[in-house]
Amino acid sequence: MYSRKFLFLLGLSITLVFTLISGAIPNLIGICIVRALAGLGTAIATPASFGICGVTFRTEPTRTVAFAVLGMGNPIGGTVGMILGGIMASIGEHGWRLLFYVLGGLCVIPIVVGFLVIPSDKHYVATRNPNQNKQIDWLGGFLVTAGGHVADFADIPALLALSVILLVCFVFWEAFVERRTSIPPVAKLSLFTRNKGQGSVVLLMLFFIWIGTNGTFSLISLFYQEYQRVSPIRTTLYVVPAPIVGVLASIIVIYLVPRVRAPFLLATAGLLTGICAMIYAVEPEGLTYWAAEFIGLICLPFGPDMTTAIGSIIISNLCDDDEQSVMGALLQTTIQVGQAIGLCVASLIEQNVSQSSGSILQGLRTSFFATMALSWITIPLALIFLGKMGFAQEVRRKDSSSKAARPHF
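Given below as structure tokens:
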């Protein structure tokens, strides 16, 4: 109904407006509501950006470069956000308000650049079937959106259970819509079974790697602020190597994807992220930052950034043009749910063990072991279920039902 470019710009504009409003809200409840609305804008823009890359860049190596650059958004944004957050937190009582105004100003940049640079969808619209069913699966859209957003509060057990129920209902509803009605489903279940379920395995890997990554990162912040009692700005300086290396990891993807088989890249990425958690779990007390923690922070970003970039390439190659944004939304929802559950799992284990043992360090170490194990679940997933996969850029649909133009290699 609407072009990807329009949705991308609309989503960013919503984020811009409600981010600026956040700085003027005087109470916590109001801030929570406004931040949720700002997140809605991001939820609109992110799938659109995935679809834009999927249908605009069809040949290699530009297709791999496009998704690698798209994946750089996380580490670059994380670096800038941590630095700005640390600076604003240290300048005074109302520094957090200034942070929202600065972040709102930064939103202007992609809006202007996107308006000028992103090609329109006129060709896509012109070649669409004029008799295409324009009904909308409102219930399916509600279930997946609500399930994803409720998962952001996964630290509350009741809301975590509600999120799981909503997402399970979404799967069953989509099966009913696809088989029993004329309404186009939000997500065809055939998307998850193509090429022997390779897309589903990739989504599952993204789920676990982001559980491990976000859980580990939250524990690292607790390690410095609650255990070592360092200031927010110093904590920022300690952890900033991770997002910086994340940018390098996304660049490395461009070089490695056409040279190394996807399962080995994905397994190695998960291994490195788990090594970070292991280092924090076993390092002796009194060891210097440079001897262990710095090495761990260098390893941490390879899992999420490489898995996201490579997974995006694989999933995009398995989809038709009109499915690109839908799969982008599912990919983003998978990441968000994984991040929320990772934070929940890490904090629950840390709190319970710390209270029972009377030692914050013991609670942190136990939680680090848990996030290490969760990160390493991606290794058997990659080697066993994707073991026969070749290079990520060469993945294609093996059925002949697709009528849309496919990427050319």
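Here our numbering is used: position 67 in the sequence shown is 832, and no number is missing along the way.
Where a beta carbon is used, it is the ideal one built from N, C-alpha and C, also for glycine.
Checklist entry - Could you give the distance in angstroms between the alpha-carbon of Leu849 and the alpha-carbon of Cys797? => result 20 angstroms
Checklist entry - Do you know how far the Cα of Pro997 is from the Cα of Ser1081? => result 39 angstroms
Checklist entry - So what does DSSP say about Thr824, is it helix, strand or coil? => result strand
Item to check | Neighbourhood of Phe822 by C-beta distance below 7 angstroms, restricted to the same chain and skipping five residues each side | outcome: Arg828, Ala831
Checklist entry - Should Val1160 go down as buried or exposed, given a rule of 16 or more other Cβ atoms within 10 Å for buried? => result buried
Checklist entry - Exposed or buried, what is Leu1052 when buried is set at 16 or more other beta-carbons lying within 10 Å of its beta-carbon? => result exposed
Item to check | Of the residues Ile921, Gly1107, Ile1009, Gln1104, the one placed nearest Cys1064, counting alpha carbons only | outcome: Ile1009
Checklist entry - Given 8 angstroms as the limit, is there contact between the region 966–980 and the region 1092–1110, that is, 3 or more CB pairs closer than that? => result yes
Checklist entry - Can you give the beta carbon distance from Pro1006 to Thr1038, rounded, assuming they're within the 8 angstroms contact cut? => result That pair is no contact at about 14 angstroms.
Checklist entry - Between the region 983–990 and the region 807–824, do at least 3 Cβ pairs fall closer than 8 angstroms? => result no
Checklist entry - Quick one: what does DSSP say Phe1174 is sitting in, helix, strand or coil? => result Because the pLDDT of Phe1174 is 41, which lies under 50, any placement of that residue in the model is unreliable, and the number read from its coordinates should be weighed accordingly. Phe1174: coil per DSSP, three-state reduction.
Checklist entry - On the premise that Ala1111 lies in contact with Ser1124, defined as a C-beta separation below 8 angstroms, what is that separation, rounded to the nearest angstrom? => result About 17 angstroms separates the two Cβ atoms, so there is no contact after all.
Next on the checklist: Can you find the residues in the same chain that come closer than 7 angstroms, C-beta to C-beta, to Leu1002, ignoring five residues on each side of it along the sequence?
Outcome noted: none
Checklist entry - On the premise that Thr910 lies in contact with Gly1035, defined as a C-beta separation below 8 angstroms, what is that separation, rounded to the nearest angstrom? => result The Cβ separation is near 29 angstroms, so there is no contact.
Checklist entry - From Phe1150 to Leu1031, what distance separates their C-alpha atoms? => result 12 angstroms
Checklist entry - How about Gly879 and Leu774: are their beta carbons less than 8 angstroms apart? => result yes
Item to check | Where Thr784 falls: helix, strand or coil (DSSP) | outcome: helix
Checklist entry - Leaving out five residues before and five after Leu835 in sequence, what residues of the same chain have Cβ atoms less than 8 angstroms from its Cβ? => result Ser814, Phe815, Cys818, Ala1074, Ser1077
Checklist entry - Should Val799 and Ile786 be called a contact, given that it needs their Cβ atoms to be closer than 8 angstroms? => result yes
Item to check | Buried/exposed call for Ser1090, threshold 16 Cβ in 10 Å | outcome: buried
Next on the checklist: Rounded to the nearest angstrom, what separates Val1118 and Gly851 at their Cα positions?
Outcome noted: 29 angstroms
Item to check | Extent of the continuous alpha helix (DSSP H) run through Lys961 | outcome: 959–987
Checklist entry - Considering only the beta carbon of each residue, do Pro949 and Asp902 sit closer than 8 angstroms? => result yes
Next on the checklist: Using a Cβ-Cβ cutoff of less than 7 angstroms, which residues in the same chain neighbour Gly906 once the five nearest sequence positions on both sides are dropped?
Outcome noted: Val951
Checklist entry - Which first and last residues belong to the alpha helix (DSSP H) in which Ile874 is found? => result 860–882
Item to check | Every unbroken alpha helix (DSSP H) inside the region 1022–1074 [4 residues or more] | outcome: 1027–1047, 1058–1064
Checklist entry - Buried or exposed: where does Lys770 fall if 16 or more other Cβ atoms within 10 Å of its Cβ makes it buried? => result buried
Checklist entry - Is it right to say Phe937 is buried, meaning 16 or more other beta carbons lie within 10 angstroms of its own, or is it exposed? => result exposed
Checklist entry - Residue ranges of each alpha helix (DSSP H) run of no fewer than 4 residues wholly in the region 1087–1157, ordered along the chain? => result 1089–1122, 1125–1141
Checklist entry - Which stretch, first to last residue, makes up the alpha helix (DSSP H) that contains Ala940? => result 922–945
Checklist entry - My guess is that Leu863 and Pro1028 are in contact by the Cβ rule of under 8 angstroms, so how many angstroms apart are they, rounded? => result The pair is not a contact, with the Cβ atoms about 46 angstroms apart (cut-off 8 angstroms).
Item to check | DSSP three-state assignment for Ser955, whether helix, strand or coil | outcome: helix
Item to check | Minimum C-alpha distance to Val1004 - residue among Thr978, Leu1062, Gly842, Trp975 | outcome: Leu1062
Item to check | Check whether Gly1011 and Asn839 have beta carbons under 8 angstroms apart | outcome: yes
Checklist entry - For Gln1104, which residues from the same chain have a beta carbon less than 7 angstroms from its beta carbon, with the 5 sequence-adjacent residues on both sides left out? => result Trp975, Asn979
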